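Chains as they are written, first to last, in the working numbering: chain A, 452 to 781; chain B, 96 to 448.
For glycine and all other residues, C-beta sits at the position ideal for the given N, C-alpha and C.
Remember, predicted model here, so these are calculated numbers, not experimental data.
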Amino acid sequence: MKELLQKLTETYGPSGSEEQIRAVIAAELGGLVDEHRVDALGNLIGIKRGSGSGLKVMLAAHIDEIGVIVTHIDKKGFLRFAPIGGVNPLTLLGSRVVFGNGVVGAIGVEKLESPKEAPPIDKFYLDVGATSPDDSPVRVGDAAAFARPLVQVGPRWVAKAMDDRVGCAVVLEMLRRLKSTPHELYAVFTVQEEIGLRGAQTSAYGLDPDMALAVDVTTTGDTPEAQTMAIELGKGPAIKVKDSGMLAHVGVKDLLIQTAQAENIPYQLEVLSRGTTDAMAIQVTRNGIPAGVISIPCRYVHTNSEMVDMNDVENAVRLLAATVSKPISL
Amino acid sequence: MPPLLQKLSEAFGVSGQEQEVRDILYEATRDQADDIRVDTIGNLIALKKARKAAPNGAPMRVMVAAHMDEVGFMVTGIENGGWLRFAPVGGVDPRVVVAKRVVVGQERLPGVIGLKPIHLQERNESKQVVPFDKLVIDVGVGSKDELEGKVQVGDYAAFDMKFRELDASPDGLRTVMGKALDDRAGCALLVELLKGDYAFDLYAAFTVQEEVGLRGARVAAYALKPQLAFVLETTICDDLPKDKDLPDVTRLGAGPAITIMDRSVVADKRLVNLLVDTATQAGIPYQFKGPGMGATDAGTIHLTQEGIPSAVVSTPCRNLHSMANLLSLSDWDKTLQLMQATLQRVTPDILAR
Chain A
452 MKELLQKLTE
462 TYGPSGSEEQ
472 IRAVIAAELG
482 GLVDEHRVDA
492 LGNLIGIKRG
502 SGSGLKVMLA
512 AHIDEIGVIV
522 THIDKKGFLR
532 FAPIGGVNPL
542 TLLGSRVVFG
552 NGVVGAIGVE
562 KLESPKEAPP
572 IDKFYLDVGA
582 TSPDDSPVRV
592 GDAAAFARPL
602 VQVGPRWVAK
612 AMDDRVGCAV
622 VLEMLRRLKS
632 TPHELYAVFT
642 VQEEIGLRGA
652 QTSAYGLDPD
662 MALAVDVTTT
672 GDTPEAQTMA
682 IELGKGPAIK
692 VKDSGMLAHV
702 GVKDLLIQTA
712 QAENIPYQLE
722 VLSRGTTDAM
732 AIQVTRNGIP
742 AGVISIPCRY
752 VHTNSEMVDM
762 NDVENAVRLL
772 AATVSKPISL
Chain B
96 MPPLLQKLSE
106 AFGVSGQEQE
116 VRDILYEATR
126 DQADDIRVDT
136 IGNLIALKKA
146 RKAAPNGAPM
156 RVMVAAHMDE
166 VGFMVTGIEN
176 GGWLRFAPVG
186 GVDPRVVVAK
196 RVVVGQERLP
206 GVIGLKPIHL
216 QERNESKQVV
226 PFDKLVIDVG
236 VGSKDELEGK
246 VQVGDYAAFD
256 MKFRELDASP
266 DGLRTVMGKA
276 LDDRAGCALL
286 VELLKGDYAF
296 DLYAAFTVQE
306 EVGLRGARVA
316 AYALKPQLAF
326 VLETTICDDL
336 PKDKDLPDVT
346 RLGAGPAITI
356 MDRSVVADKR
366 LVNLLVDTAT
376 QAGIPYQFKG
386 PGMGATDAGT
396 IHLTQEGIPS
406 AVVSTPCRNL
416 HSMANLLSLS
426 DWDKTLQLMQ
436 ATLQRVTPDI
446 LAR
């Protein structure tokens, strides 16, 4: 699991430029599903036909990560950029980024009038070692992701893009272990979640499933002076009740709780005050789709050092596998 | 002086009341179109069937969109003295409306957006932005009664601006100035594109209500279900001198602007590559629109149903969303050339991964 997670988190794939991470996941998907294809927006859809007596179940994990896009190359070769997705300016100074072509850069900031507040994004710039627009190895419009290797810290893994490569890893690992299922499973590795849940919206329309489960990260309340939240690292995967974009379908939420209890899988109940997932877009597609979320508790979301607990990840795989292995009636 | 663009620019068509613009476009396209209709929300859809053999099987369905509506105002109340209270329709900066001329309602009553004269303002008042709810449209009457039957709450008002040519020198920028070039310039371009012959079915969608939420395009794309879409727009051109070495979103005279990413869409890379490749081969200058800002009809088109690969090509235009937009016909010509050349290269293969 660690090797898979390392490969996934360390691969380049900001929203809108997911080609590389999609290829890596497609290679993993090969032996695990009956067929796979890429749709109009770039979502990777893997289909596993079950015994046929069940539902059409869509699983969604997003492959894109937040990043930055070059808006300008100034006279001395420094790059100005705009955010891709929810980039927190606090995470920028001194961060390293990498472009699709492998070029690496460091982020600097202008002199600050009042150093007490986080500067807005337009006060930062990227240094890729160029001296003018002519010798710049990147162009306006090129996208960069943050660059950071995965490390293990006790029972935890820390990496950039745990959101949501850990979700992708959970879906892949579940498919690897799944012995049988009555359902027709659609494992959708969605694009452009961070910029508006876009891949989830169109893929759900195309598949029109009977039920959907997103697998994504959620924040925790277990760090110093944290925003109040009941979720803690190591207490099990979280079953979403509500976030700022949706109320989980009660039947799906109860199904997950019952499954966790029956299989003795530790779990937590999640109410997230700020943030949402692909499930929000899926829920209101077409005639409406019963949707829920299995969340991986994660500290420091949208920083370069997102931290998850190994046991939570393992239990998320078990919960997902157990849920789709047996008949479902909502 | 381009006659169609002038007529379109001067037509009254604020979001939700695009009739006048639609009528002009209907006349301008009916001879070229094999089928022409107006849908439930008011989009004008003109179909030009394939005139050249499609490479394999049935011809593709290609949608090209330009929006007919302009930003403007709506009357929200009438004061006893005859002044009109109003709200913006679409994104209008309150700073650009003060002291501007407008026309109001069915009768196109001329008026001006009024403000206290500078002589009477307090020292700091002239430094503040006056919000819309403190502005009025003055149509020059003495009382509310005089407006009986002429103006009512819900009537539209639009900027009042004649289209003018600024630079006529054939080798120059050939700049023109007028209101609503966003996106009448795109509409004029689409009228030209309908004159071409293609190896696919071209659905020219003149959309409504883009400025209030990309609404017409969403409806049109759902009905047409094209395999790919191009949006023809005008875009932010802020190339006036700046203090710092900071990006222009686009520059006048640098040719058509190709979108990579704005707030509403990540342009499909296959279509962007096709545009760039075509421009390079044909020697057409182009620029990339500064990423990260603005929204266009592509925002709703690309998310329709199972997703529609979409791209945006824009003519740079200064002073968008104000009374006097300014663009270069040289840029407009090159945008047309780029689209004509690109459409000739559209085949099912370009969507291969």
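Item                                                                                                                                                                    : Value
Are the C-beta atoms of Phe383(B) and some chain A residue less than 8 Å apart?                                                                                         : yes
Between the segment 351-373 of chain B and chain A, which residues of the former have CB atoms less than 7 Å from a CB of the latter, in chain order?                   : Ile355, Met356, Val361
To the nearest angstrom, report how far apart Pro566(A) and Gly545(A) are at their CA atoms.                                                                            : 16 Å
Just to make sure I have the definition right: I need the residues of chain B whose C-beta is within less than 9 Å of the C-beta of Asp661(A). Which are they?          : Residues of chain B passing the Cβ test: none, with the nearest at roughly 18 Å.
Quick check on Ser504(A): buried or exposed, where buried means 16 or more other Cβ atoms within 10 Å of its Cβ?                                                        : exposed
Ignoring anything shorter than 3 residues or poking outside the segment 130-187 of chain B, list the beta strand (DSSP E) runs there in chain order.                    : 130-133, 139-143, 156-162, 167-173, 179-184
Specify, as a first and last residue, the run of the alpha helix (DSSP H) that Asn755(A) falls within.                                                                  : From DSSP, Asn755(A) is part of no alpha helix (DSSP H); its letter is neither H nor E.
Expressed to the nearest angstrom, what Euclidean distance is found between the alpha-carbon atoms of Leu530(A) and Arg132(B)?                                          : 48 Å
Tell me which same chain residues have a C-beta within less than 7 Å of the C-beta of Val549(A), skipping the five on either side of it?                                : Tyr463, Val555, Ala595, Ala596, Ala598
Between His634(A) and the rest of its own chain, which residues show a CB-CB distance below 8 Å, the 5 nearest in sequence each way excluded?                           : Gly501, Gly505, Leu506, Lys507, Val508, Val775, Ile779
Using alpha carbons as the reference points, say which of Ile520(A), Asp586(A), Gly672(A), Pro540(A) lies closest to Arg750(A).                                         : Gly672(A)
Determine the chain B residues that contact Ile520(A) at a beta-carbon separation under 9 Å, and present them in chain order.                                           : Ile355, Met356, Pro386, Gly387
Does DSSP classify Asp578(A) as helix, strand or coil?                                                                                                                  : strand
Hey, how far is the Cα of Tyr121(B) from the Cα of Ser104(B)?                                                                                                           : 15 Å
Classify Ser405(B): buried if its beta carbon has 16 or more other beta carbons within 10 angstroms, exposed otherwise.                                                 : buried
Any C-beta of chain B sitting closer than 8 Å to the C-beta of Thr542(A)?                                                                                               : no
Return the Cβ separation of Ala512(A) and Pro540(A) in integer angstroms, given the expectation that the two are a contact with Cβ distance under 8 Å.                  : With 8 Å as the limit, Ala512(A) and Pro540(A) do not qualify as a contact, their Cβ atoms being about 27 Å apart.
Determine the contact status of Asp667(A) and Asp705(A), defining contact as a CB-CB distance below 8 Å.                                                                : no
Is the shortest distance between the beta-carbon of Lys526(A) and the beta-carbons of chain B less than 8 Å?                                                            : yes
Please return the same chain residues whose Cβ sits closer than 7 Å to the Cβ of Leu415(B), not counting the five positions on each side in sequence.                   : Asp277, Thr329, Ile331
Enumerate, from N- to C-terminal direction, the unbroken alpha helix (DSSP H) stretches of 4 or more residues contained entirely within the segment 656-714 of chain A. : 701-713
Report the three-state DSSP secondary structure of Met509(A) (helix, strand or coil).                                                                                   : strand
Using a C-beta to C-beta distance shorter than 7 Å, which residues of chain B count as neighbours of Tyr656(A)?                                                         : Gln400, Glu401
Rounded to the nearest angstrom, what separates Thr410(B) and Val360(B) at their Cα positions?                                                                          : 18 Å
Check whether chain A comes within 8 Å of Leu347(B), counting only Cβ atoms and requiring the distance to be less than that.                                            : no
At 9 Å on the CB atoms, spell out the chain B contacts of His523(A), in chain order.                                                                                    : Asp340, Leu341, Pro342, Asp343, Gly385
Between Pro474(B) and Val198(B), how many whole angstroms is the CB-CB distance? I'm expecting something under 8 Å.                                                     : This structure gives no information on residue 474(B), because the portion of chain B shown stretches from 96 to 448.
Does the CB of Arg448(B) have a neighbour CB from chain A at under 8 Å?                                                                                                 : yes
If you check the beta carbons only, do Ala161(B) and Leu284(B) fall under 8 Å apart?                                                                                    : yes
Go through the segment 536-601 of chain A residue by residue and report every complete run of the beta strand (DSSP E) that reaches 3 residues or more, in order.       : 547-550, 555-560, 575-578, 594-597
So, for Asp129(B): in the same chain, excluding its five sequence neighbours on each side, which residues have a beta-carbon less than 7 Å away from its beta-carbon?   : Leu142, Lys143, Lys144
With a floor of 4 residues, list each alpha helix (DSSP H) that falls wholly inside the segment 455-480 of chain A, ordered by position along the chain.                : 470-480
Just to confirm before moving on: does the CB-CB distance between Ile355(B) and Ala349(B) stay below 8 Å?                                                               : no
Ile232(B) to Trp178(B), Cα distance in whole Å?                                                                                                                         : 6 Å
Is the separation between the beta-carbon of Ile740(A) and that of Ala651(A) shorter than 8 Å?                                                                          : no
Kindly say whether Val489(A), judged by its beta-carbon, lies nearer than 8 Å to any beta-carbon of chain B.                                                            : yes
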